[in-house]
Structures are given as C-alpha cells and as structure tokens.
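Asker: Please see the structure below; I have some questions.
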Amino acid sequence: MPLEVIQERAQRYGFAFETTFYPINEEIKGNINCFYCALRRRTALIKMAFRTGHNKITLGHHLDDLVETLLMNMFHHGNISTMAPRVEFFDGQLSLVRPLATVLEDETRAYAASQQFVDPACRCPGKMAFVRRDTKAFIAELERHVPDVKRNLYRVLSR
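Converting from the sequence shown to the working numbering requires adding 1 to each position, the first position being numbered 1.
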C-alpha cells in the first residue's frame with residue numbers, strides 16, 4: 002500500500018504516523034536469512050518505539066503465519082516453537098503483540114479486500130520464502146483431510 006494512503010488513513014482516524022527506513026538489505030549483503038532479517042526489522046521497530054516514547058509494537062502476523070513457522074521450525078530446526086502472540090522486552094518496558102494470532106489468513110484477506118487494502122504478500126527474495134511457500138502448500142494439503150488442522154496445531158502450542 003502506498004505510504005500516502007497509509008498516512009491519509011492514519012490522519013483520518015487520528016493516529017500519529019511516522020516512517021523510518023532501515024537499511025536491512027545493506028546489512029545482510031545477499032545472505033538472506035529469515036531469522037536475521039526479522040531480527041533486524043524488530044530491532045529497528047524497538048529503537049523507533051523507544052525514540053518516540055511508545056511501549057507497544059503491534060505486528061500483523063495471523064494464525065497461518067504462526068502455524069507455518071511452527072512446522073518450519075519442527076522440520077528444519079527440530080524444535081517446537083513459533084511466534085508468541087505477546088512478548089515482553091526489557092522487564093516489561095516494551096510489549097510486542099500480534100492481535101491477529103488467532104485469525105486465519107483468509108479472514109484477513111477478506112477484510113483487507115473489503116477495505117481496499119493492498120495485498121501485503123511476502124516479497125522476500127530469500128530462499129526461505131520458498132520454504133514458507135512449500136510449508137503453506139503442505140498445510141493446504143493437510144487441510145483437505147483435516148479441515149481444522151491450523152487451529153488444532155495452534156491449540157497444541159497453547160497448552
């Protein structure tokens with residue numbers, strides 16, 4: 002979505018709007034890795050939050066993202082973990098929240114379309130984007146046999 006559109010909507014609803022650009026691509030120099038790139042983005046967001054006096058960062062990860070990450074971590078790293086819906090940093094001075102953690106991707110797409118939002122599809126040029134794509138296809142195949150597989154996998158983590 003163009004920055005001007007985001008800025009106009011933020012203004013319409015009375016939200017402060019500021020952009021910052023962080024040279025992630027220059028830092029990773031072609032060695033694209035999901036974990037490192039996410040860490041760099043999070044670091045930039047945390048620095049901006051402290052600089053602007055905010056204590057909460059809200060990210061748009063949805064249920065599909067969490068389930069895909071769970072399976073990718075299991076298959077590629079041998080651990081059972083995913084992104085948490087809420088994480089506290091610096092002894093609770095800063096919170097990172099994912100309010101869409103229990104919302105399916107299809108539901109977020111339907112809402113985005115109803116609001117004329119641009120599809121925020123992943124545009125990562127790294128090889129892990131293909132791993133996520135393949136994991137997404139694997140989950141879609143599982144869903145043909147177990148319709149609630151995403152919610153069931155998420156529930157496993159909630160126990």
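The beta carbon of each residue, even a glycine, is placed where N, CA and C say it ideally should be. All values derive from a computational prediction rather than experimental measurement.
Taking 8 Å as the cut-off, decide whether the C-beta atoms of Val88 and Ile140 are in contact.
Answerer: As a working mapping, residue 88 is identified with position 87 in the sequence shown. As a working mapping, residue 140 is identified with position 139 in the sequence shown. No, Cβ-Cβ distance for Val88 and Ile140 is not below 8 Å.
Asker: Compare the C-alpha of Arg10 against each of Ala45, Leu101, Phe118 and Thr44 and name the closest.
Answerer: Here residue 10 refers to the residue found at position 9 when the sequence shown is read from its first residue. With distances taken between Cα atoms, Arg10 lies closest to Phe118.
Asker: Could you say if the stretch 100-108 and the stretch 49-68 meet the contact criterion of at least three C-beta pairs nearer than 8 Å?
Answerer: yes
Asker: What number of angstroms, rounded off, separates the C-alpha of Arg110 from the C-alpha of Ala138?
Answerer: Residue numbering aside, residue 110 sits at position 109 when the sequence shown is read from its first letter. Residue numbering aside, residue 138 sits at position 137 when the sequence shown is read from its first letter. Going from the Cα of Arg110 to the Cα of Ala138 covers about 17 Å.
Asker: If you follow the beta strand (DSSP E) that Glu89 is in, where does it begin and where does it stop?
Answerer: The count along the sequence shown starts at 1 and reaches residue 89 at position 88. Arg87 to Phe90 is the span of the beta strand (DSSP E), which, as asked, contains Glu89.
Asker: Rounded to whole angstroms, what is the Cα-Cα separation between Tyr155 and Met75?
Answerer: Indexing the sequence shown from 1 puts residue 155 at position 154. Indexing the sequence shown from 1 puts residue 75 at position 74. Cα to Cα, Tyr155 sits roughly 14 Å from Met75.
Asker: Taking the alpha carbon of Phe90 as the reference point, which residue from Thr136, Cys35 and His55 has its own alpha carbon closest?
Answerer: Against the sequence shown, residue 90 aligns to sequence position 89. The residue with the shortest Cα to Cα distance from Phe90 is His55.
Asker: Which whole runs of the alpha helix (DSSP H) in the stretch 5-75 are 4 residues long or more, in chain order?
Answerer: 25-29 and 35-53
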